[in-house]
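According to the numbering used here, the sequence shown holds residues 137 to 323 in order.
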Amino acid sequence: MKFRPVLLALLWAAGAAALPAASQDGVPALRGKPSPEEIARALAKPEAPPVMLQRGIVLNPGAAAAQAAPAKRAIDLEVLFEFDSARLTADGRDVLDSLGGALASKELADVGRVTLEGHTDAKGSDAYNDSLSLLRAQSARQYLIQKHRIAPGKVAAVGKGKAELADPRDPFGAANRRVRVVVEGQP
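This is the structure:
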């Protein structure tokens, strides 16, 4: 049974690989082309346990869920653009199509506002990266409005440039070039 520790290590590694990655600030990152269901699951309001008093009495479980749920939920998506441009690639459009499908789902019916944050890596000046990240976020916003008929007042675009790197240990890494999706509020 010498192989048992190796087998356990392989099973653990396979399970860890199936989990979404997370940025330094703990926001889950969905890489590649996630499905609308995966995005909806990642952005859905978490289930809150009911407030329990002593002796197992449950006090207003609806209020407990409303208090325990965070006001904002976020994920990082790998929305790809052409080099040095705000023009979406086919893969980038596919990811936004999944996001559009997720936003139309019943799991995200509570979403009142969507903010698309454009992020860059650390290559280039602050001014250049701020401008490029804003243009990319605006491009993603416009795509969602036109293709998925999301109300313009429901979705905002913000450029963060290189100010909030997902992986500060690798400032030029691809993980930093992303669109963060932040959802909040009631419809």
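We treat Cβ as the ideally placed atom computed from N, Cα and C, and that holds for glycine.
Check                                                                                                            : Outcome
Pro-304 versus Ala-310: straight-line alpha-carbon distance, rounded                                             : 11 Å
Per-residue burial, Arg-277 [other beta carbons within 10 Å of its own, 16 or more giving buried]                : buried
Residue from Gly-168, Pro-307, Leu-179 with nearest C-alpha to Ser-241                                           : Leu-179
Other residues of its chain near Glu-214: CB distance less than 7 Å, five sequence neighbours each side excluded : Arg-167, Gly-168, Val-231, Arg-314
Identity of the residue in Ala-299, Ala-245, Glu-173, Leu-235 nearest Asn-265 by Cα                              : Ala-299
Whole-angstrom distance between Ala-263 and Gly-248, CA atom to CA atom                                          : 31 Å
Cα-Cα separation, Arg-209 to Gln-274                                                                             : 20 Å
Ranges of the alpha helix (DSSP H) found wholly within the stretch 236-289, counting only runs of at least 4     : 262-284
Minimum C-alpha distance to Arg-316 - residue among Lys-181, Asp-220, Val-291, Phe-308                           : Val-291
Element boundaries [beta strand (DSSP E), containing Pro-164]                                                    : 164-166
Local Cβ density within 10 Å of Arg-285, reported as buried at 16 or more and exposed below that                 : exposed
Contact set for Ser-267: own chain, Cβ-Cβ below 6 Å, skip 5 residues either direction                            : none
Leu-235 to Gln-282 span [Cα, whole Å]                                                                            : 13 Å
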